[in-house]
Amino acid sequence: MPKQKIRIKLKGFDHKLVDQSARQIVEAVEGTGAVTSGPVPLPTHIQRFSVIRSPFIDKDSQEQFEVRTHKRLIYIVETTSKTIDALT
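In UniProt numbering, the protein residues as written are 1 to 88.
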């Protein structure tokens, strides 16, 4: 029977919260005896928006906003039934 591999991808706007969640998942999985790899930081996706400040004229006056999506990847290589129960 082949070994089961699990890949968990976390996405969020707050990098501290994403790191904290990844750390909690790794601690829970390693407590069951499974082998993990990661969290691997993936490239941050930056989405930028330009909005005209005035409601009518003055196109030269614009405001810029951005949304950053932080991503982490966790590999769980050697899983057990306890590992699956810990993740649910």
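Even for Gly, the Cβ is constructed at its ideal location relative to N, Cα and C.
- It is roughly 19 Å from the alpha-carbon of Y75 to the alpha-carbon of L17.
- Taking the CA atoms as reference points, V35 sits about 12 Å from R7.
- In the DSSP annotation of this structure, K3 is not part of any beta strand (DSSP E), being labelled neither H nor E.
- As the crow flies, the alpha-carbon of D85 is around 12 Å from that of G31.
- Looking at the backbone, the Cα of G38 and that of K71 are separated by about 12 Å.
- S61 sits in coil when the DSSP states are folded into three classes, being neither helix nor strand.
- Using a Cβ distance threshold of 7 Å, K11 and T69 count as a contacting pair.
- With a minimum length of 4 residues, the unbroken runs of alpha helix (DSSP H) contained wholly in the UniProt domain "Small ribosomal subunit protein uS10" (7-88) fall at 15-30, 81-87.
- Apart from sequence neighbours up to five positions away, the residues of its chain that approach S54 with a beta-carbon distance below 7 Å are S61, ordered along the chain.
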